[in-house]
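*Asks:* Chain order of the listed sequences is A and U. Each residue of the first sequence is one higher than the last, beginning at 1 in the working numbering. Each residue of the second sequence is one higher than the last, beginning at 1001 in the working numbering. Every residue gets a Cβ at the ideal spot worked out from N, C-alpha and C, and that includes glycine.
Number of protein chains: 2
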Amino acid sequence: MAGERILHKELSERIIDDKKAASFFKDKMVVASSGFTKSGDSKAVLSALVQRAQTDPLKITLMTGASLGHGTDGALAAAKLLHLRLPFQVDTVLRKAINDGEVLFIDQHLGETANLLKANNFPKIDIAILEAAKIQEDGSIIPTTSVGNSAAFAALADKIIIELNTSVSLDIIGVHDICSPGEYPNRSEIHIVEANSRVGTIAIPIEVDKVIGIVLTDKKDSPAEIAPADETTKAIAKHLVGFFNDEIKKGNLTKSLMPLQAGIGKVANAVLNGFIEGDFENLTMYSEVLQDSTFDLLDSGKLNFASGSSITVSEEYYHKVFDNFDKYRNKIILRPQDISNAAEVIRRLGVISINTALECDIYGNVNSTHIAGTNMMNGIGGSGDFARNAYLSVFVTQSIAKGGKITSIVPMVSHVDHTEHDVDIIVTEQGLADLRGLAPRQRAKIIIENCAHPSYRSYLLDYFDRACERGGQTPHLLEEAFDIYKDLREKGTMAKQIFS
Amino acid sequence: MAGERILHKELSERIIDDKKAASFFKDKMVVASSGFTKSGDSKAVLSALVQRAQTDPLKITLMTGASLGHGTDGALAAAKLLHLRLPFQVDTVLRKAINDGEVLFIDQHLGETANLLKANNFPKIDIAILEAAKIQEDGSIIPTTSVGNSAAFAALADKIIIELNTSVSLDIIGVHDICSPGEYPNRSEIHIVEANSRVGTIAIPIEVDKVIGIVLTDKKDSPAEIAPADETTKAIAKHLVGFFNDEIKKGNLTKSLMPLQAGIGKVANAVLNGFIEGDFENLTMYSEVLQDSTFDLLDSGKLNFASGSSITVSEEYYHKVFDNFDKYRNKIILRPQDISNAAEVIRRLGVISINTALECDIYGNVNSTHIAGTNMMNGIGGSGDFARNAYLSVFVTQSIAKGGKITSIVPMVSHVDHTEHDVDIIVTEQGLADLRGLAPRQRAKIIIENCAHPSYRSYLLDYFDRACERGGQTPHLLEEAFDIYKDLREKGTMAKQIFS
Ligand SMILES: CC(C)(COP(=O)(O)OP(=O)(O)OC[C@H]1O[C@@H](n2cnc3c(N)ncnc32)[C@H](O)[C@@H]1OP(=O)(O)O)[C@@H](O)C(=O)NCCC(=O)NCCS
Ligand SMILES: CC(C)(COP(=O)(O)OP(=O)(O)OC[C@H]1O[C@@H](n2cnc3c(N)ncnc32)[C@H](O)[C@@H]1OP(=O)(O)O)[C@@H](O)C(=O)NCCC(=O)NCCS
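1) Quick one: which residues of the segment 1151–1165 of chain U get their C-beta closer than 7 Å to a C-beta of chain A? List them in chain order.
2) Cβ atoms of Thr284 of chain A and Ala44 of chain A: under 7 Å apart, would you say?
3) Would you mind telling me which residues of chain U sit closer than 8 Å to Ser188 of chain A, beta carbon to beta carbon, in chain order?
4) Suppose the cutoff is 7 Å on Cβ atoms and the five residues either side in sequence are ignored; what does the same chain contact list for Tyr363 of chain A look like?
5) Take Asn1115 of chain U and list the residues in its own chain whose beta-carbon comes closer than 8 Å to its own, dropping the five residues that flank it on each side.
6) So with CB distances below 8 Å, who are the chain U contacts of Ile106 of chain A?
7) Looking at the structure shown, is His1415 of chain U part of a helix, part of a strand, or coil, going by DSSP?
8) Taking 8 Å as the cut-off, does the segment 1129–1144 of chain U touch the segment 1194–1211 of chain U (at least 3 CB pairs, one atom from each stretch)?
9) For chain U, is any of its Cβ atoms less than 7 Å away from the one on Met494 of chain A?
10) Pick from U:Val1396, U:Ser1023, U:Gly1379 and U:Lys1038: whose alpha carbon is nearest that of Arg1434 of chain U?
11) Let me know the secondary structure DSSP gives Gly1074 of chain U once reduced to three states.
12) In chain A, which residues lie with their C-beta within 8 Å of the C-beta of Asp1424 of chain U?
13) Given Asn282 of chain A, which residues of its chain have a CB within under 6 Å of its CB, disregarding the five upstream and five downstream residues?
14) Flag Gly98 of chain A as yes if its beta-carbon sits less than 7 Å from any beta-carbon of chain U, otherwise no.
15) Per DSSP, which one or two residues make a beta bridge with Pro1336 of chain U?
16) Buried or exposed: Glu1490 of chain U, going by 16 or more other Cβ atoms within 10 Å of its Cβ?
17) So with Cβ pairs under 7 Å, would you call Ala1077 of chain U a contact of chain A?
18) Can you give, in chain order, each stretch of the beta strand (DSSP E) that sits fully within the segment 1074–1103 of chain U and has at least 3 residues?
19) Residues of chain U with CB under 8 Å from Leu392 of chain A, in chain order?
20) In whole angstroms, what separates the C-alpha of Ser1047 of chain U from that of Val351 of chain A?
21) Give the range of the beta strand (DSSP E) segment to which Ile425 of chain A is assigned.
22) Alpha carbon to alpha carbon, what distance is there between Ala75 of chain A and Val93 of chain A?
23) Counting only beta-carbon separations shorter than 7 Å, does Ala1343 of chain U have a partner in chain A?
24) So which of U:Ile1264, U:Asn1165, U:Lys1302 and U:Ile1161 has the shortest CA-CA distance to Leu1011 of chain U?
25) Give the secondary structure of Ile236 of chain A by DSSP, where H, G and I count as helix, E and B as strand, and everything else as coil.
26) Classify Ser458 of chain A as buried or exposed, calling it buried when 16 or more other Cβ atoms lie within 10 Å of its own Cβ.
27) How would you list, in chain order, the residues of chain U whose beta-carbon sits under 8 Å from the beta-carbon of Ile486 of chain A?
28) For Ser1500 of chain U, which residues in the same chain have their Cβ closer than 7 Å to its Cβ, ignoring the five residues on either side in sequence?
29) Just to check my reading of the structure: Ile448 of chain A and Leu432 of chain A have Cβ atoms closer than 8 Å, yes? What is that Cβ distance to the nearest angstrom?
30) Could you check whether the Cβ of Gln398 of chain A sits closer than 6 Å to any heavy atom belonging to ligand 1?
31) Just how far apart, CA to CA, sit Val271 of chain A and Thr233 of chain A?
32) Does any residue of chain U have a CB that is nearer than 7 Å to the CB of Gln497 of chain A?
33) Where do the N-terminal and C-terminal ends of the beta strand (DSSP E) with Ser1353 of chain U fall, by residue?
34) Below 7 Å on C-beta distance, what does Arg198 of chain A contact in chain U?
35) Using a Cβ cut-off of 7 Å (strictly closer), state whether Val1410 of chain U contacts chain A.
36) Within the chosen definition, does the segment 93–102 of chain A reach the segment 323–343 of chain A through at least 3 CB pairs nearer than 8 Å?
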């Protein structure tokens, strides 16, 4: 089985077991691993490292593409293996360790990690663990269900361990498009001019001498767990689809819109599903994660093509996609995340970005990461890469959380991930606020009226009106801007404030 | 005099006076004007419009490249001519009108205005007023001391008024490099691979039929008023130059560094001057505004080349530059601001950006625009375009303002323009905080220790320590995060807090 997957003679002699691989790591090492939103991650080596740490403790810095699957992030945190983790995570155990201050976490634009490494703004990688479906004659590797930062890690790491995953269908060969903007100071253009532009190679080049071992595994990616659409998320989708239908009628957009990007989470997934209902045709995606809804859209005939950095689907869709891969082969491309998320390409193509907020303020600033300004949820992911450079930047959120105890439209967000400059449209189940061409005071009225939950509207309006009396470009009463968080802490709900 | 400057026969017959030009404007019109940080702005037509409004009131939306000179922005505001202004301003009268809510203001990334217009995210321009040094045979115009958004305005406006400025030396011909990334959905790469790459034409194409008048003027640009370097700004420059010298020693950078960008204001200008003292050679700039310090650096032999969108210099330097233009001709290029500030190019070249903060918080978030979170100072300008995409993003500020009544290092910035993701280095006269590769809790310690004024350090440390007890990725005590602003409002100083 492994034979047909290792075509490089010398490398075929470097197969080791996961335990041996785990023994290469030393305390304080900087380790990089493939993996992007649970796909194409290290399944064998990092698990073996967790095992080793039970009796032989060590601490590493771990960088990846995005989140890992199989509870690996949690297991690493529980084993006290992590000193520093970047650039993204979604694990409950790791999240707690981060918020408790036990694990340091750098929350980073996903398009930026490779650039920071190349600019010497981060310590050198000691070992990179890269999942591959196949090793080619020249030693180059075919990635699996994600590309993530693997190409940059391969180029920049001192040593490489390849995790050859025999469970991944070799049908995947040809789906990847590996290219790099080059090294400073001699970088060149990224020549992508359409979502389906192919500008690179199908495999990641590897310096064979750096490979210190090949570990075989047949563990599959963890399936995505996506909550189904409900009334609330369907309402959000409906408002947004209605908006696009109107823009088409006005002649601002064609039925093909512009290339779409959609963020992670249940709200974004439901919104993308909503596009099946719209009057669209020949849609394309230039996104990060290809989710279940991407394949529904492809099947519906409305979506022609999808470019991303990973395929992250549920158990059911994994079979659907990989058992019929010929159907999708020519309709998807997986790219390195510094290419899928490149400002250059996002702006050039004119991507319509749809990302999720935890909370938005009345002026249109967005918090996607920090609960009550302090506790990390997941991370900014690629939302900033897309929102900043988008043709149209949409943020979606439910108007309330925790059964109404929390309003997601607030006077002032408790943490800013996306400034008002980078937010064109806000949508909740209540309605849609079109903020294009509006100054802050105008934005506030529309956000409160169209997006806030009715039970919080008068509170927000009262805050805004009194702030305007004091004046300013962005009127605020700093001494009470965060009162609702205090109420939430002390009384368990933001709502009390309103009726007190 | 005008004859040699209008080579297009038909257009030479469309000369009108400023009063006539002013009569073309109607209430509610969307007006665009050339002008970038006081350079190359409309000097005749907008002034005539102010005159007209004394007896014939009207309100317009006015967009420009950046700020206007000659107090024009103030005069427009005083004449109650402005309904909405974007994307930048620096005028005290206009600023007051904005903060009083009399004029709506959209504070915008300067690289973004042209893109928003092309994406139909802003109403169409009725009339564009464009300053030119010369009209060529084909009707195309040679810009003057700035390019700003003039090329986009020319392409997108319904009607055009050309302000032919006979005071601008014709020596300036050839300095501009006009190119456009094209129209959606068929945009292409911006082929700039070095600060001195020339990729366009020397003139802005004009559809001759759109030109409704040519107004002659010989008014010069307003000179920049730049406060001289003092002990504090010199100390900031010294820390930063020391940092770069160290990076060169470590092999992270060469003596040519990477292309430099420097923001506006006295601090940034002083810092750039400080580069004359460093052990640098063959420097280049890929910036926005070419200030006095740019020409000092060129004269010093340390700087080989400077690309920007405007030349904004003091009276003395205006003569120095334009009386000896042959000396500088091949060392500077002026570009459209969606090119000088393009994410694509900034990232490709690996620009080192140096911008100014009003305040930074202990986690590295930066406020460059809003005094106490409410009142607009100038605007974000190009700082976001550069900081987000830079190879290395530096922010400079004095550690205190108003004689110590205000600390510029605060627990939580009262407004966020640049999130911690986009800030690598913070420098005050106290020292430099190198935040690369650090998580928020690590950043806090270094920012407080290295950058805060000694009189505020114990207050900040105490806040941070108590916030850490409560926990979180970014520990905060929301209920007291803004206490110092309350003190400033009520007691006139933030300092009281500390000793109470
Ligand atoms: C913001 C984000 C967490 C929303 O996730 P989602 O699944 O769409 O939305 P939900 O409404 O189910 O919210 C997730 C959780 O946050 C809680 N929440 C939502 N808004 C909240 C708020 N304002 N305050 C506190 N908690 C809030 C919800 O109650 C829910 O909690 P639960 O898991 O205990 O049920 C998620 O989209 C994310 O991490 N985004 C940032 C990264 C990103 O945008 N990447 C895009 C490119 S990859
Ligand atoms: C931030 C900015 C205002 C600083 O300007 P500067 O001339 O370098 O700095 P100064 O220290 O002199 O500060 C300017 C004023 O703000 C005041 N100020 C500074 N920090 C302050 C703070 N934290 N709170 C209140 N006022 C503050 C100063 O006291 C000074 O007031 P004065 O004009 O009454 O003397 C200016 O750089 C700017 O507008 N930047 C945003 C746009 C930008 O960065 N563009 C870059 C690309 S164009």
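*Replies:* Taking the coordinates as given:
1) Among the residues of the segment 1151–1165 of chain U, none has a Cβ less than 7 Å away from any Cβ of chain A.
2) Contact flag unset, no.
3) Under a criterion of Cβ atoms nearer than 8 Å, the residues of chain U adjacent to Ser188 of chain A are, in order, Val1193 and Arg1348.
4) In the same chain as Tyr363 of chain A, and ignoring 5 residues on each side of it, the C-beta atoms closer than 7 Å to its own belong to Glu420, Pro440, Arg443, Ala444 and Thr474, in chain order.
5) Setting aside the 5 residues that flank it on each side, Asn1115 of chain U is surrounded in the same chain by Asp1338, each with a C-beta closer than 8 Å to its C-beta; the list follows chain order.
6) Neighbours of Ile106 of chain A on chain U, chain order: Gly1437, Leu1438 and Ala1439.
7) Residue state, collapsed to three classes: coil.
8) Flag = yes, the segment 1194–1211 of chain U and the segment 1129–1144 of chain U touch.
9) Nearest CB-CB separation between Met494 of chain A and chain U: not below the 7 Å threshold.
10) In the sequence on display, residue 1434 of chain U carries Asp and not Arg. Across the set U:Val1396, U:Ser1023, U:Gly1379 and U:Lys1038, the C-alpha of U:Val1396 shows the shortest separation from the C-alpha of Asp1434 of chain U.
11) Shown here, Gly1074 of chain U sits in a helix according to DSSP, grouped into three states.
12) Chain A residues near Asp1424 of chain U: Asn121.
13) Here the set comprises Ser256 and Asn304.
14) Reading the sequence as shown, one finds Ile at residue 98 of chain A and not Gly. Residue contact with chain U for Ile98 of chain A: present (Cβ-Cβ distance below 7 Å to some residue of chain U).
15) For Pro1336 of chain U, which the question treats as bridged, DSSP gives the partners U:Gly1148.
16) Here Glu1490 of chain U is exposed: its Cβ has fewer than 16 other Cβ atoms, across all protein chains shown, within 10 Å.
17) Not closer than 7 Å to any Cβ of chain A, the Cβ of Ala1077 of chain U fails to qualify, so no.
18) Counting whole runs of 3 or more residues, the segment 1074–1103 of chain U contains the beta strand (DSSP E) stretches 1082–1086.
19) Listed along chain U are Ala1119 and Asn1121, each with a C-beta nearer than 8 Å to that of Leu392 of chain A.
20) Cα to Cα, the separation comes out at about 40 Å.
21) First-last of the beta strand (DSSP E) with Ile425 of chain A: Ile425 to Thr428.
22) Going by the C-alpha atoms only, they are around 8 Å apart.
23) Chain A contact via Cβ: present.
24) When only C-alpha atoms are compared, the closest one is U:Ile1161.
25) DSSP, read as helix, strand or coil, puts Ile236 of chain A in helix.
26) Looking at its Cβ environment, which holds fewer than 16 other Cβ atoms inside 10 Å, Ser458 of chain A is exposed.
27) Sequence inspection shows Lys at residue 486 of chain A; the Ile mentioned does not correspond to that position. Per Cβ cutoff of 8 Å: Leu1478 and Glu1479.
28) Confidence is the limiting factor: at Ser1500 of chain U the pLDDT is only 44, short of 50, which leaves the residue's position unreliable, though a coordinate-based value still follows. Closer than 7 Å at Cβ, skipping near neighbours: no residue.
29) Actually they do not touch by this definition, with Cβ atoms about 13 Å apart.
30) Yes, since a heavy atom of ligand 1 falls inside the 6 Å radius drawn around the Cβ of Gln398 of chain A.
31) Approximately 7 Å between the Cα atoms of the pair.
32) Unreliable placement is indicated for Gln497 of chain A, whose pLDDT of 48 sits below 50; the coordinate value is still reported in the next sentence. Not an interface residue.
33) Unbroken beta strand (DSSP E) run through Ser1353 of chain U: Ile1352 to Thr1356.
34) Going along chain U, no residue has its Cβ under 7 Å from Arg198 of chain A, so there is no contact; the nearest lies around 16 Å.
35) False, the Cβ-Cβ gap to chain A never drops below 7 Å.
36) Not touching, per the Cβ criterion.
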